[in-house]
Each structure stands twice: as C-alpha cells, then as structure tokens.
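>
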C-alpha cells in the first residue's frame with residue numbers, strides 16, 4: 002500500500018501510532034484516531050497522546066470500544082479544528098530541509114577538513 006499516495010484522499014485515518022505512520026499523517030495534513038493497543042505499547046501511546054496534544058488526533062489506548070472509535074473518527078473527520086491543526090503541522094513539516102541541510106553541512110565539513118590538510 003502506498004500510504005503517501007492514499008492519505009491525501011482521506012478525510013481522516015485510523016492508525017496504530019508508530020513513528021512512521023504518525024509522520025505520514027502529519028506530512029499529509031490528515032487528522033487521525035490513534036489505536037496504540039495495550040498499555041504495554043508505551044511508545045505508540047506516547048505518540049498518540051502527542052498527536053492529541055498537537056490537536057491533530059484523538060488517542061484511544063487500551064481496550065477498544067468501537068462506539069468510541071466511531072465517535073472519534075467522525076469527530077476528527079468532521080470537526081474543522083482537527084484538519085486545520087493537521088494542515089498547520091503539514092506546512093511546518095514542508096519547511097524542514099533535513100536531508101538538504103545535512104548534505105550542505107557534510108560538504109562544508111569535508112571542505113573545511115580538506116582545506117586544513119593542505
């Protein structure tokens with residue numbers, strides 16, 4: 002499944018809260034409901050709660066109550082604040098230059114090292 006291709010067509014997503022899918026929904030500007038699983042899935046729960054704090058998702062840790070999931074997915078899909086927040090984060094992420102900045106730093110480092118050796 003090509004997640005980056007599919008997400009922009011979605012009103013909202015139901016995700017497990019792993020780092021990759023959390024970044025995918027943020028990059029796509031899509032609100033989400035996070036179902037991280039049991040209380041032992043601390044990392045996924047943390048990620049879900051973080052998205053919730055950012056205003057882009059609702060997190061439902063532990064046992065899944067399908068009525069709650071249904072209500073939460075309708076809320077994040079229909080309440081404009083979730084999409085607005087998700088799109089705000091999307092714009093923020095689009096400004097990141099991670100690989101380009103890393104490459105420029107490496108080129109400078111190599112240039113500086115080469116200059117000092119000569």
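In this note's numbering, the protein residues as written are 2 to 119. Glycine residues also receive a C-beta, built at the ideal position from the N, C-alpha and C atoms.
Determine the closest residue to residue 37 out of 26, 49, 30, with distance taken between C-alpha atoms.
Closest option to residue 37, Cα to Cα, is 49.
> I need the DSSP call for residue 10, collapsed to helix, strand or coil.
In the structure shown, residue 10 sits in a helix (DSSP, three-state: H, G or I).
> How would you call residue 18, buried or exposed, if buried means at least 16 neighbouring beta carbons within 10 angstroms?
Result: buried.
> Counting along the chain, where does the beta strand (DSSP E) carrying residue 26 start and finish?
Per DSSP, residue 26 belongs to no beta strand (DSSP E); it is in the alpha helix (DSSP H), 20 to 29.
> Return helix, strand or coil for residue 59, following the three-state DSSP convention.
In this structure, residue 59 counts as strand in the three-state DSSP scheme.
> Count the other CB atoms within 10 Å of the CB of residue 113; is the residue buried (16 or more) or exposed (fewer)?
Counting Cβ neighbours within 10 Å, residue 113 comes out exposed, since fewer than 16 surround it.
> Determine the DSSP secondary structure at residue 74, reduced to helix, strand or coil.
Residue state, collapsed to three classes: helix.
> Whose CA, out of 3, 22, 34, 20, lies closest to the CA of residue 12?
Selected option, being the one with the closest Cα: 34.
> Does DSSP classify residue 15 as helix, strand or coil?
Three-state result, residue 15: strand.
> Is it buried or exposed, residue 73, if we count other Cβ atoms within 10 angstroms and call 16 or more buried?
Buried, since its Cβ has 16 or more Cβ neighbours within 10 Å.
> Please classify residue 46: is it buried, with 16 or more other beta-carbons within 10 angstroms of its beta-carbon, or exposed?
Flag for residue 46 reads buried.
> Tell me where the alpha helix (DSSP H) around residue 89 begins and ends.
From DSSP, the alpha helix (DSSP H) with residue 89 extends over 81 to 95.
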